[in-house]
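*Asks:* Positions 11 to 85 (this note's numbering) are the ones given, in order, by the sequence shown. The beta-carbon is built from N, C-alpha and C at its ideal position, and this holds for glycine as well. Pasting in a structure now, in structure tokens, and then I'll have a few things to ask.
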Amino acid sequence: MSFLSQLLDVILGGLLAGLTTFALSAVVADQQLAVTVGVILASMFYFSRNPWGTNREQAVEINERIDALYDRILP
Numbered sequence: 011m012s013f014l015s016q017l018l019d020v021i022l023g024g025l026l027a028g029l030t031t032f033a034l035s036a037v038v039a040d041q042q043l044a045v046t047v048g049v050i051l052a053s054m055f056y057f058s059r060n061p062w063g064t065n066r067e068q069a070v071e072i073n074e075r076i077d078a079l080y081d082r083i084l085p
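Right, here's the structure in full:
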């Protein structure tokens, strides 16, 4: 995995954390809970990129598709 792929993963993880925190903060009264859930979701995406509700073969296939998309987008 190249540096730019890792950087894109970090950016996507940050967007995921920010959007989740923003959406949950409008619903729940505890702002710290919204931030915690956002960070957990972003960490799960960045460190595993293992989609929920799939078996191992499907997860590998989805991650390969994500990597192929990154290869097309990034130089």
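Measuring CB to CB, does S12 end up less than 9 Å from L84?
*Replies:* Yes; because the gap between Cβ atoms is below 9 Å, this pair is in contact.
*Asks:* Under the rule that 16 or more other beta-carbon atoms within 10 Å means buried, what is G48, buried or exposed?
*Replies:* buried
*Asks:* Classify A39 as buried or exposed, calling it buried when 16 or more other Cβ atoms lie within 10 Å of its own Cβ.
*Replies:* It is exposed - the Cβ of A39 has fewer than 16 other Cβ atoms within 10 Å.
*Asks:* Determine, using beta carbons only, whether L22 and F55 come nearer to each other than 9 Å.
*Replies:* yes
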